[in-house]
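Number of protein chains: 2
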Amino acid sequence: MNARFFELPAERQAAMRNAGLEVFAKQNYAKASMEEAARLAGVSKALLFHYFENKRGFYLYLYEYATGLVIREMSAAHDYSETDFFNILINAQLSKIAILHAHPYAMQFITNAYFEEDPRVRPALADSFSAIVADSSARFLARADASKLREGVSAEALLNIVLWMADGFMRSRTPEQLQDLDALNDVFLAHVGLLKKQFYKEEFL
Amino acid sequence: MNARFFELPAERQAAMRNAGLEVFAKQNYAKASMEEAARLAGVSKALLFHYFENKRGFYLYLYEYATGLVIREMSAAHDYSETDFFNILINAQLSKIAILHAHPYAMQFITNAYFEEDPRVRPALADSFSAIVADSSARFLARADASKLREGVSAEALLNIVLWMADGFMRSRTPEQLQDLDALNDVFLAHVGLLKKQFYKEEFL
DNA sequence: CCGATTGTTGACCGAAACGGTCAATGATAT
DNA sequence: ATATCATTGACCGTTTCGGTCAACAATCGG
């Protein structure tokens, strides 16, 4: 790619990046259109090809950008000293909410990349990132303090419930709801608080 | 449309329908391709146009089919005498699971149709179906017996949790997992059972 | 004020895919 | 044998695809 891209005003860079993340988040590599990305970014198609050698180069730059962004944001907010079951999950989910608020298409882009099979880009996509995500549940369960949970409550099952719920919650948000970060956090915290109240032994509430 | 379509062997009808539901579930009306639908159905594009006058006719037939299917399946399993909070939700979700098992793209097709804005089809899409879905939560809350819930538990909040969780659960299923209907039901029931155990007063367990 | 560099675009290219048509083929049933 | 009908490959004109390029405009160092 053309390194002069990074000399552009930040908003222009962001416009191209966000447009690219959007088209590749909504379709697979083959079907996503550079023309549409340019349209969404508000620049000419020729300009996109001026900064990125071709579709593949654009895609791979976005991949690097999105994975870097998510790893950075997720680990920045991570507190390794925290052991409370719900607090760990809440912190992780608040980070995800913040990412989705600031970069609505970055997560979906990464998810698509994980399943992307196009031979033009598949070999260039690392599995390291997916590997980190894959066993994050195991690492969570190893660290989270399950002793605060009421008798007979499976930590794995409760983790599933919270993760599925968080996923469903985020997906059911309208674009307007995604705009209001504080309201988003409040609603999520209120519901997870309800879970916590029922699943923790009384002495830990 | 050509009524002779219904004289075809059932598998052939299903192949065309499922292919159509798939392409319109994955893309909006404008971007979805009749060519791809034919490819997925394993028939020639000309045959599709033989049975459906044009893209619009195909889409509108699928809309009618999908909404009819979902309404039929959902109401067939519905028990109006049931008032238990969790049982109502479980029954509804088991119906959804069965639909998603048998017609993996019908639900997403309907969701897309709800947001479809293309002027060629938008005017022909009824809002009656969406209206039914929209206030189903209110009707549920009016009928469900919230008195079994522990002190201080909001029925609305718990409903959200279960719905979001069910949504996240279904979305995280792999295609292979979607194949095994019994296992699907078991996993879902186990998790919802865990919720029930914590949210119901002890005398109702 | 100059010329060189760089940001930006409209017009264009050949190829592919689009929605849609049609003549021809093959099967079936009377 | 004939009429009916399922089915398709080839084709139409149009649009969109990834990608290129010449040209214009802005900026900047001398």
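Keeping their order, the protein sequence lines are chains A and B. For the first sequence, the numbering used here gives the first residue as 1, with consecutive numbering after it. For the second sequence, the numbering used here gives the first residue as 1001, with consecutive numbering after it. C-beta atoms are modelled at their ideal positions from N, C-alpha and C, and glycine is treated no differently. Source: prediction; values computed, not measured.
Query raised in the report: If you count every other CB in all the chains shown that lies within 10 Å of the CB of B/Y1114, and 16 or more means buried, which is it?
Result: exposed
Query raised in the report: Among A/A76, A/Q179, A/S154, which has the Cα closest to the Cα of A/F85?
Result: A/S154
Report task. Give the DSSP-derived three-state secondary structure of B/Y1200 in the structure shown. Result -> strand
Requested in this report: Enumerate in chain order the residues of its own chain whose CB-to-CB distance from B/F1199 is below 7 Å, with the five nearest sequence positions on each side excluded.
Outcome: L1149, R1150, V1153, L1158
Query raised in the report: Is the number of C-beta pairs between the segment 117-125 of chain A and the segment 53-66 of chain A that are closer than 8 Å three or more?
Result: yes
Report task. Please go through the same chain and pick out, in chain order, the residues whose beta-carbon is closer than 8 Å to the beta-carbon of A/M74, but skip the five residues on each side of it. Result -> A92, S95, K96, I99
Requested in this report: Taking only runs that begin and end inside the segment 1085-1122 of chain B, name each unbroken alpha helix (DSSP H) of 4 or more residues, in chain order.
Outcome: 1085-1102, 1106-1115
Requested in this report: For B/D1145, name the three-state secondary structure that DSSP assigns.
Outcome: strand
Query raised in the report: DSSP on A/S172, reduced to helix/strand/coil?
Result: coil
Requested in this report: Return yes when the Cβ of B/E1022 is within less than 7 Å of the Cβ of B/L1040, no when it is not.
Outcome: yes
Query - Spatial distance of A/S44 from B/I1132 (CA atoms) - result: 44 Å
Requested in this report: Check the Cβ of A/N160 against every Cβ in chain B and list those closer than 8 Å, keeping chain order.
Outcome: F1169, H1191
**Report entry** Start and end residues, alpha helix (DSSP H) containing B/Y1063
**Finding:** 1055-1076
Query raised in the report: In chain B, what lies closer than 7 Å to A/V23 by C-beta?
Result: By Cβ distance, chain B contributes nothing, its closest Cβ being about 11 Å from A/V23, past 7 Å.
Query raised in the report: Below 7 Å between beta carbons: does that hold for A/G168 and B/G1168?
Result: yes
Requested in this report: Helix, strand or coil for A/Q13, going by three-state DSSP, please let me know.
Outcome: helix
Query raised in the report: Just the Cα atoms here: how many angstroms apart are B/P1175 and B/Y1051?
Result: 30 Å
Requested in this report: Whole angstroms is fine: what's the gap from B/N1185's alpha carbon to B/L1089's?
Outcome: 13 Å
Query raised in the report: At which residue ranges does the segment 1006-1050 of chain B contain complete alpha helix (DSSP H) runs of 4 or more residues, listed in the order of the chain?
Result: 1010-1026, 1034-1041
Query raised in the report: Beta-carbon of B/M1165 versus every beta-carbon of chain A: anything under 7 Å?
Result: yes
**Report entry** chain B contact for A/A183 (CB, 7 Å cutoff)
**Finding:** no
Query raised in the report: According to the neighbour-count rule (16 or more other Cβ atoms, all chains shown, within 10 Å of its Cβ), is A/H78 buried or exposed?
Result: exposed
Report task. Just the chain B side, please: which residues come within less than 8 Å of A/V153 by C-beta, in chain order? Result -> L1194, Q1198
Requested in this report: Could you check how far apart the C-beta atoms of B/F1129 and B/A1025 are, in whole angstroms? I think they sit under 8 Å.
Outcome: In fact, because the Cβ distance is near 16 Å, the residues do not count as touching under 8 Å.
Query - chain A contact for B/A1010 (CB, 7 Å cutoff) - result: no
Report task. State the Cα-Cα distance for the pair A/R72 and A/A138, rounded to the nearest angstrom. Result -> 21 Å
Query - Under 8 Å from the C-beta of B/A1157: neighbouring residues of chain A - result: A190, H191, L194
Query raised in the report: Is the beta carbon of A/A19 less than 7 Å from the beta carbon of A/A37?
Result: yes
**Report entry** Range covered by the alpha helix (DSSP H) that runs through A/S130
**Finding:** 128-134
Query - Rounded distance between the beta-carbons of A/L125 and A/Y65, thought under 8 Å - result: Not a contact, Cβ separation roughly 13 Å.
Query raised in the report: In or out: B/L1163 buried (at least 16 other Cβ within 10 Å) or exposed?
Result: buried
Query raised in the report: For B/D1143, does the count of other Cβ atoms within 10 angstroms reach 16, so buried, or fall short, so exposed?
Result: Note on identity: in this sequence residue 1143 of chain B is Arg, with Asp being the wrong assignment. Answer is exposed; the Cβ neighbour count stays below 16.
Report task. Quick one: residues in its chain with C-beta nearer than 8 Å to the C-beta of A/L69, no 5 flanking neighbours on either side, listed in chain order? Result -> I99, H103, A106
Query raised in the report: Out of curiosity, what's the CA-to-CA distance linking A/Q179 and A/H101?
Result: 6 Å
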